[in-house]
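Note that our numbering gives residue 78 to position 8 of the sequence shown, counting from 1, and the numbers run on in steps of one. The structure appears below as structure tokens.
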Amino acid sequence: MERDPICGQVIKLSNMKESSVYRGSRYYFCCPICKKLFDDNPEIYADKEEKESTKTIFPQLTLFN
Ligand SMILES: [Zn+2]
Numbered sequence: 071m072e073r074d075p076i077c078g079q080v081i082k083l084s085n086m087k088e089s090s091v092y093r094g095s096r097y098y099f100c101c102p103i104c105k106k107l108f109d110d111n112p113e114i115y116a117d118k119e120e121k122e123s124t125k126t127i128f129p130q131l132t133l134f135n
């Protein structure tokens, strides 16, 4: 499962319409507004996401990348 780095919502696999790629990682958003906020300042949100990442705790989640 992916998490919207802007608002923290979990994005369902069936609802992955909005996404951006930043530094080789893909980020998913709940709506075009969150995507635009990310695209305007990706370094802020991408860094935050890395610090709070659950991927090291649940490595199986990387299967969805
Ligand atoms: Zn959102």
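The C-beta atom is built at its ideal place from N, Cα and C for all residues, glycine as well. Computed from a prediction, not measured in an experiment: that's the story for all the values here.
DSSP beta-bridge partners of residue i
i   : result
I81 : E72
Y92 : S95
Residue i beta carbon near ligand 1 (any heavy atom closer than 8 Å)
i    : result
I76  : yes
I103 : yes
Bounding residues of the beta strand (DSSP E) (the contiguous stretch that carries residue i)
i   : result
R96 : 95-99
Whole-angstrom C-beta distance between residue j and residue i, which should lie under 8 Å
i    : j   : result
S197 : F99 : Because the chain in this structure spans residues 71 to 135, residue 197 falls outside the shown range and cannot be described.
A116 : R96 : Not quite, the Cβ-Cβ distance comes to about 11 Å (not below 8 Å), so this is no contact.
F108 : I76 : 6 Å
Opening and closing residue of the alpha helix (DSSP H) in which residue i lies
i    : result
K106 : 102-110
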